[in-house]
Amino acid sequence: MVPRVNAPLIKWRSGMLFSSPKEGKTMDLQAQLEELKSKTLETLQSLTGNHTKELQDLRVAVLGKKGSLTELLKGLKDLSNDLRPVVGKQVNEVRDLLTKAFEEQAKIVEAAKIQAQLDAESIDVTLPGRQMTLGHRHVLTQTSEEIEDIFLGMGFQIVDGFEVEKDYYNFERMNLPKDHPARDMQDTFYITEEILLRTHTSPVQARTLDQHDFSKGPLKMVSPGRVFRRDTDDATHSHQFHQIEGLVVGKNISMGDLKGTLEMIIKKMFGEERSIRLRPSYFPFTEPSVEVDVSCFKCGGKGCNVCKKTGWIEILGAGMVHPSVLEMSGVDAKEYSGFAFGLGQERIAMLRYGINDIRGFYQGDQRFSEQFN
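According to the numbering used here, the sequence shown is numbered sequentially starting from 702.
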C-alpha cells in the first residue's frame, strides 16, 4: 500500500509498500517524500527478470497520474509561501531520481529475462549428438545420370520433352496414323481426344527434328523422361516408367553406327566383357527395327535362371529412322539417314542390381532405397 496525504492508501498488487499513518495524524510532507523515495528504491532492488509486470505496476503506483508522488504534490497548496518552492524542488528531484531508477531497473529486469531465456535454450554439449539422416539420389536418378554422362561424353545433347503430349506427335509423327493397328501395342491414357500422357519418349524425336538446322551438322540427342501406359502393376509392369530416347540423324548414318554406339553404352554400363546381338523386330517409326540383347552378366552367356538358359538378356529396342518420320519433319530421306533407340531405366537398374520387382522403385520403402546409397 502506498500512502497519500490525508487520503486513502493506494494498493499495490505485491502487498503493502508503506505503513499507514495513524488515524487523525498528518505526516510531515518532506518526511513522506523521503520515505516514498527510500521505500521505492528499496523495492526496485528486489525486482528481477520474473517481475516485469510488478515493475510496471510499481511505476504506475508511484509515478502515475494517480500515484503516490502526484498525491504528495497536491499537498504543496497547504504549505507556506516560503516552504512551497523548497519542497516543490525536492519533489521534482525525487521524481527525476525515481524516473531514472525505474528506467535502469527496467533494463536490468529485461536483461535478466533474456538471460533466463538463453539459459533455458542453451545446448548441453555433454549430451551425445544425434545422427543426421542424409538424403540420397534415387537409384533411378543415379542410373539416368550415369547414362546421360556417357552420352554427353560421346557428343550427344540432352533434350527435355513433354509428358502431356499431343496425339499428333505421340503417334502420327511416329508413323502411326489414326486407326493404325500398331496403336493397340500401347494402351494410352487420353486426357482429351487429342491430348494424352505420352506412351514413349519418341515424340521428342519429331519436335527436335523440326527445329534442328542440319547445315550446322548432324543431330545427336538423348531425352530421358517418364512415360505412361495403361498396364496393370505387377512385378514387371508399371503404369508409369522411365525411358531414355536416343536419336542420331546425319549423312551416311548406317546400322553399323547404331551397333557401335550401343556396344559402347552397354560396355560402360555392364562391363567391357559384355557383347550384344541384334534380332529383327518391328517398330512403326524405324526400318529396319531390332531388339538388342546383351550377354548375360551372371553366367557369361552359358545359360542360367537370369537369362532363362539362353545366355542373352533383352535390353532395348532400336532401328534405323523410318524415312516417313524424316520426311514429316522436312528432312530429305534420300540425303539424310539416322538411327534411334529407347532404353528403359528401370530395366537397366533391375538388371544391374538384381531387382526382381519394379514396384520397389515407387513404393518409397526406405529399406529398399538405402541399398543404393
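Each residue gets a CB set at the ideal place from its N, CA and C atoms; glycine is no exception.
Handout entry: Rounded separation between residue 807 and residue 760 - CA only
Key = Those two C-alpha atoms are separated by around 10 Å.
Problem - Which of helix, strand or coil DSSP assigns to residue 791 - result: Note: residue 791 maps to helix in three-state DSSP.
Practice task
Could you please give the first and the last residue of the uninterrupted beta strand (DSSP E) stretch that includes residue 987?
Solution key: Its beta strand (DSSP E) spans residues 987-996.
Exercise for the section: For residue 954, collect the residues of the same chain with a Cβ closer than 7 Å to its Cβ; drop the 5 residues on either side in sequence, then sort them by chain order. Expected result: Cβ-Cβ distances below 7 Å link residue 954 to 1038, 1039, 1040 in the same chain, with the five nearest sequence neighbours on each side left out; the list follows chain order.
Problem - Same chain only: Cβ atoms within 6 Å of residue 726, ignoring 5 sequence neighbours per side - result: Only weak support is given to the placement of residue 726: the predicted model assigns it a pLDDT of 33, under 50, and the value that follows is read from those uncertain coordinates. There are no such residues.
Practice task
Less than 8 Å between the CB atoms is what I'm expecting for residue 799 and residue 789, so what's the real figure, rounded?
Solution key: Actually they are not in contact, since the Cβ atoms of residue 799 and residue 789 sit about 16 Å apart, beyond 8 Å.
Practice task
Quickly, what does DSSP pair residue 1042 with across the bridge? List them, please.
Solution key: Paired residues: 947, 1019.
Exercise for the section: Taking 7 Å as the cut-off, decide whether the C-beta atoms of residue 683 and residue 963 are in contact. Expected result: With the chain covering 702 to 1074 only, the question about residue 683 has no answer from this structure.
Exercise for the section: May I have the straight-line CA-CA distance separating residue 914 from residue 960, to the nearest angstrom? Expected result: Rounded to whole angstroms, residue 914 to residue 960 spans 26 Å at the Cα level.
Practice task
List the residues that DSSP assigns as beta-bridge partners of residue 977.
Solution key: Residue pairing of residue 977 in beta bridges, as defined by DSSP: 995.
Practice task
Could you tell me whether the Cβ atoms of residue 1016 and residue 939 are closer together than 7 Å?
Solution key: The Cβ atoms of residue 1016 and residue 939 do not sit closer than 7 Å to each other.
Exercise for the section: Starting from the C-beta of residue 1010, find all residues in its chain whose C-beta is less than 7 Å away, skip the five residues before and the five after it, and write them out in chain order. Expected result: Answer for residue 1010: 1004, listed in chain order.
Problem - Helix, strand or coil at residue 822 [DSSP, three-state] - result: Looking at residue 822 - three-state DSSP - the assignment turns out to be helix.
Handout entry: Uninterrupted alpha helix (DSSP H) stretches inside the region 848-896 (no shorter than 4 residues)
Key = Fully contained in the region 848-896 are the following alpha helix (DSSP H) runs of length 4 or more, in chain order: 868-871.
Practice task
Decide if residue 876 is buried, meaning its Cβ has at least 16 other Cβ atoms within 10 Å, or exposed.
Solution key: Residue 876 counts as buried, since no fewer than 16 other beta carbons sit within 10 angstroms of its beta carbon.
Practice task
Return helix, strand or coil for residue 899, following the three-state DSSP convention.
Solution key: It is coil, neither helix nor strand.
Exercise for the section: Could you pull the start and end residues of the alpha helix (DSSP H) that residue 971 belongs to? Expected result: The continuous alpha helix (DSSP H) containing residue 971 extends over residues 956-971.
Handout entry: Opening and closing residue of the beta strand (DSSP E) in which residue 924 lies
Key = Looking at the DSSP string, the run of the beta strand (DSSP E) that includes residue 924 is 920-929.
Problem - Same chain, Cβ closer than 6 Å to residue 852, five either side skipped, listed in chain order - result: Around residue 852, the same chain offers 923 as residues with beta carbons nearer than 6 Å, after the five sequence neighbours per side are excluded.
Handout entry: Reduced DSSP category for residue 1064 - H, G, I as helix; E, B as strand; rest coil
Key = Coil at residue 1064, not helix or strand.
Exercise for the section: Can you give me the start and stop residues for the alpha helix (DSSP H) that residue 910 sits inside? Expected result: DSSP places residue 910 inside the alpha helix (DSSP H), whose first and last residues are 904-912.
Handout entry: residue 742 beta carbon less than 7 Å from that of residue 812
Key = Cβ atoms of residue 812 and residue 742: not closer than 7 Å.
Problem - Own chain residues within Cβ distance below 8 Å of residue 920, not counting five before or after - result: Counting only Cβ-Cβ distances below 8 Å, and skipping sequence neighbours, we find 909, 910, 913, 948, 949, 950, 951, 1039.
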